[in-house]
Amino acid sequence: MNSHIIGDMKLVLDTSVLVAGLRSRSGASRRLLILLSEERFAAVASVAMMLEYEAVLKRANNLHDFGLTADEIDRFLDDMALWLIPVTPFYVWRPQLRDPADEHVLEAAVAGGVDGIVTFDLRHLAAGAARFGISVFRPGEALRRLDS
Numbered sequence: 008m009n010s011h012i013i014g015d016m017k018l019v020l021d022t023s024v025l026v027a028g029l030r031s032r033s034g035a036s037r038r039l040l041i042l043l044s045e046e047r048f049a050a051v052a053s054v055a056m057m058l059e060y061e062a063v064l065k066r067a068n069n070l071h072d073f074g075l076t077a078d079e080i081d082r083f084l085d086d087m088a089l090w091l092i093p094v095t096p097f098y099v100w101r102p103q104l105r106d107p108a109d110e111h112v113l114e115a116a117v118a119g120g121v122d123g124i125v126t127f128d129l130r131h132l133a134a135g136a137a138r139f140g141i142s143v144f145r146p147g148e149a150l151r152r153l154d155s
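Be aware that the sequence shown starts at 8, since it is given in my numbering, and climbs by one per residue.
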């Protein structure tokens, strides 16, 4: 990732945002992926998040919905790895969330010192993230914040 990010906002993109962004050619999630590739904001991810991205995006039903192959997902994830700031959570804060499967998202957010987590799963992440002063919002709200 280049060090000349245009915007000053740093985010975590939950897997649901990548799924929505690849599923639809329009919409806030797709726009966020485009803005990330243009370095309009910074985003962080941990190894655990990258592994989840790969596992979920390569599910047969998702590949069908995206109209993409597993090799094309690999290339997309290679590009994502260039755009994302890698973080390594040093402290495991568990349990913080109602859904243990989302703990790694919060851990990456804390390790990366992000401004917010972008997700469609607000109810599972909001309370835990608030304890660390991290906002949680949907893709449309993320776009509004980036535009302001």
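C-beta: ideal position from N, C-alpha, C; glycine also.
For residue j and residue i, the rounded distance between their alpha carbons
| i | j | result |
| --- | --- | --- |
| Asn9 | Ala50 | A caution first: Asn9 carries a pLDDT of 44, below 50, which makes its placement in the model unreliable, though a value can still be read off. Straight-line Cα distance between these residues: approximately 12 Å. |
| Arg130 | Glu148 | 15 Å |
| Arg37 | Leu20 | 12 Å |
| Glu61 | Ala77 | 9 Å |
| Arg145 | Arg82 | 26 Å |
| Ser142 | Ala134 | 10 Å |
Per DSSP, cross-strand counterpart(s) of residue i
| i | result |
| --- | --- |
| Val157 | In the structure displayed, the chain extends from 8 to 155; residue 157 sits before or after that span and is not available. |
| Ile92 | Val51 |
| Asp20 | According to the sequence shown, residue 20 is Leu rather than Asp. DSSP output for Leu20 lists Val125 as bridge partner(s). |
Beta-carbon proximity of residue i to residue j, cut-off 9 Å
| i | j | result |
| --- | --- | --- |
| Met57 | Val112 | no |
| Gly140 | Met16 | no |
| Gly28 | Leu40 | yes |
| Phe97 | Ser23 | no |
Identity of the residue in the options nearest residue i by Cα
| i | options | result |
| --- | --- | --- |
| Val54 | Thr22, Val94, His131, Leu64 | Val94 |
| Asn68 | Val117, Val26, Arg138 | Val26 |
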